[in-house]
Amino acid sequence: MKVIPKKVQLTELFYDLVFVYAISQVTGLIHHLPKGATFFQQFIIFTIVMVVFINTWMVETVFTNRYGKNSIGNIMFFMVDMGILLFMSNNFVGNVQNWFQPFTIATAFLSGTLVLQYLWVHLTTHNKKDKRISKLFVSILLLRTVFLLIGALLPFRFGVVVALIGILSSWILPGVFTENMKGHPINFPHLLERLTALVIITIGETIVDIAHYFDLKDFNVYSMFIFVIVCALFMTYITQFDHFIDENRANETGNRLIYLHYPILFGISLITVSLNFIEEESMSKTFAVNILYAGILLFYAGLCLADYYNKAGISKILIVRICFVVSTIVGYLISLTTQSFEIIVLATVLVTVINSFVLSWSMVKQTN
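Start counting the sequence shown at 1; every next residue gets the next number (the UniProt record's numbering).
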């Protein structure tokens, strides 16, 4: 049975632009370390904040997928959420103690808008399955909202633990209650289109972040290689999600598709930061390489998990998997043994281009 795709509205894409801006601001948490902070501390904070933003986007997107009607009410909620996101993403100033309380309160308000949307569905629908799903999300989001507000009011060392419980609950519980959501499957083509648009816009932010390599005083052949790395990752992503995946899937909850995009988005963020780290004289090249290849590994891991949704008869054949593993390990080891910016860039561009080419070749071979 062919699934009729739900149209992605312009309001949703507008929201995505603001959301990607927020993600780009979060990378500043590990790119510019506050005085007295270690990278490990900032990385933990970065991870938590990324989960907050991505989880919020996912919950909003799933709501829009199931119940969104592009009504004035839905549009107004989008606008309110965008305003809150802009506030949250522009206040990462200094140590986390400085911005924890306003950020946590803003996150609680963001959760509150989602509670109201699901509550409205619960009160107005006559469908028992939708009542059950909306009640579940109201409970999860209300739990998150309450824990965030309590966490914001407590002293930092206690408040951060309470707030973290609220954040993790909204991240994990939708996956736990997957069976409850099968009563109203998501529109798979719509969710796939939203997620791919989000990733593509995020990769666009990576290009903005590497634009300084193209300044007249800095431009050289390695500037082009840096750009090719990003392009190769983009081509690898769209080969998987535009050609391998069967978008005509029915009776899906979409949870697996959502969760596998966490490593993809985390990976892109780490790659974005590390492409700047590798040229900075004050930054350890070993450290920068570890961040770069951790990002590439997460990105590729997300693509491998997406095989679950592939069209019948199309998969990452053994030679493709071997190529991805071997090339990435070799590129990492070469980059790790040098302090040369040029060699790191050359090794990484070869890894990403080879893997992109092999995946594309595999797709052509299996579809002809």
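Where is the CB? At the ideal position from N, CA and C, for every residue including glycine.
Ile245 sits in a strand when the DSSP states are folded into three classes. Between Asn65 and His190, the C-beta gap is smaller than 8 Å, which places the two residues in contact. Residue pairing for Asn310: DSSP places it in a beta bridge opposite Ile245. Ile75 is not bridged by DSSP to any residue. With a contact defined as Cβ atoms closer than 8 Å, Phe63 and Gln117 qualify at about 6 Å.
By the 16-neighbour rule on beta-carbons within 10 angstroms, Asp16 is buried.
Residue Val230 holds the alpha-carbon nearest to the alpha-carbon of Gly204 among Leu216, Ile226, Val230. Val199 is classed as buried because its beta carbon has at least 16 other beta carbons within 10 Å across all chains shown. Going by C-alpha positions, Phe39 is about 17 Å away from Gln25. Positions of the alpha helix (DSSP H) runs, each at least 4 residues long and wholly inside the region 230–310, are given as 255–277, 285–305 in order along the chain.
About 7 Å separates the beta carbons of Met88 and Ala22, which is inside the 8 Å limit, making them a contact pair. Per DSSP, the continuous alpha helix (DSSP H) segment holding Ile334 begins and ends at 318–336. Annotated three-state conformation of Ile186 is strand, per DSSP. Taking C-beta atoms under 8 Å as the contact rule, Glu279 and Phe214 fail to qualify, at a distance of about 13 Å. When DSSP states are grouped into helix, strand and coil, Thr352 belongs to the helix group. In this structure the region 247–267 lies against the region 285–301, because at least three pairs of beta carbons, one per stretch, are closer than 8 Å.
Straight across, the Cα-Cα distance linking Ile84 with Val20 is about 14 Å. Assignment of alpha helix (DSSP H) within the region 54–98, counting only whole runs of 4 or more residues, yields 72–89 in chain order. Our two residues, Ile207 and Phe227, have alpha carbons roughly 7 Å apart in a direct line. A direct Cα-to-Cα measurement between Arg132 and Val121 gives close to 10 Å. A residue is called buried when at least 16 other Cβ atoms come within 10 angstroms of its Cβ; Phe103 meets this threshold and is buried.
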